[in-house]
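Trainee: For the sequence shown, this note's numbering assigns the number 1 to the initial residue and increments by one for each residue that follows.
Questions regarding the structure given below will be posed in turn.
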Amino acid sequence: MIILLTYLLYPLDSDRFKLVTDEEKLVEKTYYLHQPPTNQNDSSPNIIWIVVDDLGMADTDLYGDGPVSVPNMKRLANRGIKFNNAYVSAPVCSPSRAAIATGRYNQRFGYEHQLHDRYLSNRLEYLGFRYFIDSGPWVPQYQTEVPAADFIENIGLPSSEITFGEVAKKYGYETGYIGKWHLGKKEYNNPNAFGFDYFYGFYSSHSLYVPEGTQGYVEQKIPHDFTDEYIWEGHREGQQAIRRNGKIISEDRYLTSAITDEAIDFTKSNEEKPFYLWVSYNAPHTPLQAPNEYVEKYEDVTDPVKRVHYALIKNLDDELGRLIDHLEDSRQIENTLIFFISDNGGAEFNLTTKNGPYQGGKITNFEGGVKVPMIMCWEGKINGGEVFNQPVHSTDLFMTSAKAIGAKLPSDRIYDGADLVKNVKNNSIPHEYIYFDMGNNRGIRGKKWKLTWNEANGDSVLFNLKSDPYEQKDLYQSGSGVVERLTNEFEVWAANNVDPLWPPMIYYHYTADDGKKYFFDE
C-alpha cells in the first residue's frame, strides 16, 4: 500500500522544461529596434486592430442568417473589405494571439499551446480528474512529467519576438493596448514590455465583465461545464485583475464599455500624431454577464445560456459602433487602417453557440474553429463594400500594417503575413497554403483542399472546400495523391518551426456531425 501511495502521489514536476531565450534572435531584435527607421511612409496612417474573442462565423448576420444582428460590424465592412475565407493560426486564444502580435506562425517560436495556470501534479490527481470529475468533452492527458510551478509562472511571449507595437514605436508611433492580453503576466512579457506605451486591461484569458453581483446585469452560469466554474472562481484577482500600465486599479465600468472608453480616450490624446492601437475586446468570451437591457432583447430565446451570449454579442456590436462614431466624428477614420478579426471560432464546448453549418468549433482544426470573421478598411486606399474570397491569414494584420507605415522588417526571422492592400487591389492570392499545428493535430488548407490529421491516433480527413465548405464529405480514402502532396507541403513548412516550449494538459473530445469522435490537444 505504501508503495502504491508513493507511486500515486509522487510529484510529476520536472526541470526538463526550461524557458531558454533565443539569444541570437534577441540580439538581432535589440539591434533592429535601436537602428533609426528606414523607408518610412510620409503619410503615417493610424493603425487600429480590433480583436474580439470567440466570435464564430455563424454567431451574427455578418456572413448570413446568424442569430444576432450586427449593423456596426456590417457598417465597418461596408467601409472596406469583408474576407470570406479568413483563418487564424490556432483554434484557441493565446497561441492565436501570439501569431497576430508577431506576424509569424506561433509555431515558429514554440508558442504552440494555450497558456495553462497549472498541470496535474501527480498520478492520483490525474485518476481523480479522469474518473471522478464530470468534465464533459474534456479529458486529462496522462503525463509522467509536467512543468514546475515557476516555469508556468513565467511562460508567455518570448522576449526575442518582435510585436507590431515595437515596430510602430520604432517608427515614431504612439502605441496602446486596450483589453485582454493573454500573452504573459511578468514584467518582461506584459504589453508594456512589448512596445506598448499605454496598457489598460487584464493579463488572463478572461475576467469578469463587472464584479459579481453588480445590480443591473444578468449573470448566467453554465451547467455541467467545469471550464465555466474555473472562470468564475478567478473573480477580478491575480491575472484577472484590471490593470493600467501594470498596476491593479479599481474598475466598476462594464468591461466592454470600459474598453471602448479607453480606446476613444487614447485616440483623443493622439489626434496630432500617428498612433497604433490594439483594441482587444474579451466579448463574447465567458463569463456570461450582460446588461439587463441587452438580455431583454432576446427574451424569446428559451435557452438562458444562449440568451446572455447573444446579449454579449449585441452589446459588443454597439460598442464597436460607438468607437466608429468617434473615429468618424473626429475625422481620424480618414487616415486610419482598421482591422477587425476574431481570435478563433465559436466555443461550442461551453454551449454558448453552435457554429451553424460549420463543422467543429474552438479547439478544433475544423472550419468552425479556425475560420473567423475578418474586415479591413482604409478610406481612400481600398474600395468599400467589397468581399475578398481568397484565403487570408491573421498574420496578415502585421504585414499589411508594416507596409502601410513603410516599415522595413528584420531579415533574421520568417514573416508569414501578406500585404492585403496589394492583394485586394490585384485580386491576387495572398497564401498558397495555410497551416495548422497544435500538439498531435496537424492541418493544411490549399486553394480548395483541406487536410487534417492526428499524429497520435491516425485520424485523418480530407475535404474539398470549394464544393464542400462545411466539411461534410470526407474524401481521404479516395484522395491519396492530394494527401501526399499536402503532407509534403506541410513538412516543408514545419521544418522551419521549433518544438513546443510547454506541453498541452488536456484533450478536447469533439463529436462530429456524423457521430465520429476526434481528439484535439489544448
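Even glycine gets a Cβ: it sits at the ideal position worked out from N, Cα and C.
Measuring straight from C-alpha to C-alpha, what distance separates Leu-26 and Thr-163?
Mentor: Position 26 of the sequence shown, counted from the first residue, corresponds to residue 26. Position 163 of the sequence shown, counted from the first residue, corresponds to residue 163. Approximately 13 Å between the Cα atoms of the pair.
Trainee: Between the C-alpha atoms of Gln-359 and Met-57, what's the straight-line distance to the nearest angstrom?
Mentor: Sequence index remark: in the sequence shown, residue 359 carries index 359 (1-based). Sequence index remark: in the sequence shown, residue 57 carries index 57 (1-based). One C-alpha to the other measures close to 11 Å.
Trainee: Measure from the alpha carbon of Glu-367 to the alpha carbon of each residue in Ile-375, Asn-497 and Gly-356, then state which is nearest.
Mentor: Reading the sequence shown from its first residue, position 367 is the one you call residue 367. When each option's Cα is compared against that of Glu-367, the closest is Gly-356.
Trainee: Check for me: the alpha helix (DSSP H) holding Tyr-507 runs from which residue to which?
Mentor: By one-based count along the sequence shown, residue 507 stands at place 507. Where Tyr-507 is concerned, there is no enclosing alpha helix (DSSP H), although the beta strand (DSSP E) it sits in stretches over 506 to 511.
Trainee: Which class does Gln-220 belong to by DSSP, given the choice of helix, strand or coil?
Mentor: Sequence index remark: in the sequence shown, residue 220 carries index 220 (1-based). Residue state, collapsed to three classes: strand.
Trainee: What residue does the alpha helix (DSSP H) around Asp-65 start on, and which one ends it?
Mentor: For the purposes of this step, residue 65 is taken as the residue at position 65 of the sequence shown. No alpha helix (DSSP H) holds Asp-65; DSSP gives it neither H nor E.
Trainee: Would you say the region 405 to 420 touches the region 439 to 455, given that touching needs at least three Cβ pairs under 8 Å?
Mentor: Too few Cβ pairs lie closer than 8 Å, so no.
Trainee: Measuring alpha carbon to alpha carbon, tell me which residue in Ile-81, Thr-256 and Arg-442 is nearest Lys-180.
Mentor: The count along the sequence shown starts at 1 and reaches residue 180 at position 180. Out of Ile-81, Thr-256 and Arg-442, Thr-256 has the C-alpha closest to the C-alpha of Lys-180.
Trainee: Do you know how far the Cα of Ala-98 is from the Cα of Ile-444?
Mentor: Counting from one through the sequence shown, the residue named residue 444 turns up at place 444. Counting from one through the sequence shown, the residue named residue 98 turns up at place 98. Answer to the nearest angstrom: the Cα atoms are 19 Å apart.
Trainee: What is the rounded straight-line gap between the Cα of Asn-190 and the Cα of Asp-474?
Mentor: By one-based count along the sequence shown, residue 190 stands at place 190. By one-based count along the sequence shown, residue 474 stands at place 474. Cα to Cα, Asn-190 sits roughly 43 Å from Asp-474.
Trainee: If we count the other Cβ atoms within 10 Å of its Cβ and call it buried at 16 or more, is Glu-251 buried or exposed?
Mentor: As a first step, residue 251 is located in the sequence shown; it is residue number 251 there, counting from the start. Label assigned to Glu-251: buried.
Trainee: Kindly indicate the opening and closing residues of the beta strand (DSSP E) around Tyr-198.
Mentor: What you label residue 198 is simply residue 198 of the sequence shown in a count that begins at 1. 198 to 202 is the span of the beta strand (DSSP E), which, as asked, contains Tyr-198.
Trainee: What are the boundary residues of the alpha helix (DSSP H) that Trp-232 is part of?
Mentor: On the sequence shown, position 232 is the one that residue 232 refers to. From DSSP, the alpha helix (DSSP H) with Trp-232 extends over 226 to 233.
Trainee: Assuming Phe-388 and Ile-81 make a contact with CB atoms under 8 Å, what is their CB distance in whole Å?
Mentor: Locating residue 388 in the sequence shown gives position 388, where the first residue counts as 1. Locating residue 81 in the sequence shown gives position 81, where the first residue counts as 1. That belief holds up - the Cβ atoms of Phe-388 and Ile-81 are roughly 5 Å apart, short of 8 Å.
Trainee: Tell me, which residues are paired with Val-88 by DSSP?
Mentor: Translated into the one-based positions of the sequence shown, residue 88 becomes position 88. DSSP lists no partner for Val-88.
Trainee: Assuming the contact rule is C-beta atoms closer than 8 Å, Leu-9 and Leu-127 should be a hit. Round their C-beta distance to whole Å, please.
Mentor: For the purposes of this step, residue 9 is taken as residue 9 along the sequence shown, with counting starting at 1. For the purposes of this step, residue 127 is taken as residue 127 along the sequence shown, with counting starting at 1. Their Cβ separation, rounded to whole angstroms, is 11 Å, which puts Leu-9 and Leu-127 out of contact at 8 Å.
Trainee: Compute the Euclidean distance between the alpha carbons of Val-210 and Ile-249, then round it to the nearest angstrom.
Mentor: Locating residue 210 in the sequence shown gives position 210, counting from the first residue. Locating residue 249 in the sequence shown gives position 249, counting from the first residue. Roughly 13 Å between the two C-alpha positions.
Trainee: Can you check which of these residues, Ile-152, Gly-385 and Tyr-518, is closest to Met-505 by C-alpha distance?
Mentor: Taking the sequence shown and counting its residues from 1, the one referred to as residue 505 is at position 505. Of Ile-152, Gly-385 and Tyr-518, the residue nearest in Cα terms is Ile-152.
Trainee: Just how far apart, CA to CA, sit Val-301 and Ala-283?
Mentor: Along the sequence shown, one-based indexing puts residue 301 at 301. Along the sequence shown, one-based indexing puts residue 283 at 283. Straight-line Cα distance between these residues: approximately 19 Å.
Trainee: Asn-315 and Tyr-294 look like a contact to me (Cβ under 8 Å); what is the Cβ gap, rounded to whole Å?
Mentor: By one-based count along the sequence shown, residue 315 stands at place 315. By one-based count along the sequence shown, residue 294 stands at place 294. Confirmed, about 5 Å.
Trainee: Could you name the residues of the same chain whose beta carbon sits closer than 7 Å to that of Thr-260, not counting the 5 residues immediately before and after it, in chain order?
Mentor: If you number the sequence shown from 1, residue 260 lands on position 260. Answer for Thr-260: Glu-319, Arg-322 and Leu-323, listed in chain order.
Trainee: Out of Gln-477, Arg-485 and Ile-341, which has the shortest C-alpha to C-alpha gap to Ala-545?
Mentor: Because residue 545 is not part of the residues shown, which for the chain are 1 to 522, the question remains open.
Trainee: Measuring straight from C-alpha to C-alpha, what distance separates Tyr-433 and Ile-3?
Mentor: Indexing the sequence shown from 1 puts residue 433 at position 433. Indexing the sequence shown from 1 puts residue 3 at position 3. About 53 Å.
Trainee: Out of Asp-117, Pro-91 and Val-482, which has the shortest C-alpha to C-alpha gap to Tyr-203?
Mentor: As a position in the sequence shown, residue 203 is number 203, starting the count at 1. Closest by alpha carbon: Asp-117.
Trainee: Report yes if the CB atom of Gly-195 is closer than 9 Å to the CB atom of Thr-227, and no otherwise.
Mentor: For the purposes of this step, residue 195 is taken as the residue at position 195 of the sequence shown. For the purposes of this step, residue 227 is taken as the residue at position 227 of the sequence shown. No, they are not a contact pair.
Trainee: Write down the C-beta distance between Pro-291 and Tyr-217 rounded to the nearest angstrom, noting that I regard them as a contact closer than 8 Å.
Mentor: Position 291 of the sequence shown, counted from the first residue, corresponds to residue 291. Position 217 of the sequence shown, counted from the first residue, corresponds to residue 217. With a Cβ gap of about 6 Å, Pro-291 and Tyr-217 count as contacting.
Trainee: Can the beta-carbon of Thr-60 be found closer than 9 Å to that of Ile-313?
Mentor: Translated into the one-based positions of the sequence shown, residue 60 becomes position 60. Translated into the one-based positions of the sequence shown, residue 313 becomes position 313. In this structure, Ile-313 lies closer than 9 Å to Thr-60 by Cβ.
Trainee: Tell me the DSSP secondary structure of Pro-71 in three-state form.
Mentor: On the sequence shown, residue 71 is found 71 positions in, with the first residue counted as 1. If DSSP states are grouped into helix, strand and coil, Pro-71 belongs with the helices.
Trainee: Among residues of its own chain, excluding the 5 on either side of Phe-490, which ones have a beta-carbon nearer than 7 Å to its beta-carbon?
Mentor: Within the sequence shown, numbered from 1, the residue matching residue 490 stands at position 490. Cβ neighbours of Phe-490 beyond the five flanking positions: Tyr-435, Arg-442 and Ile-444.
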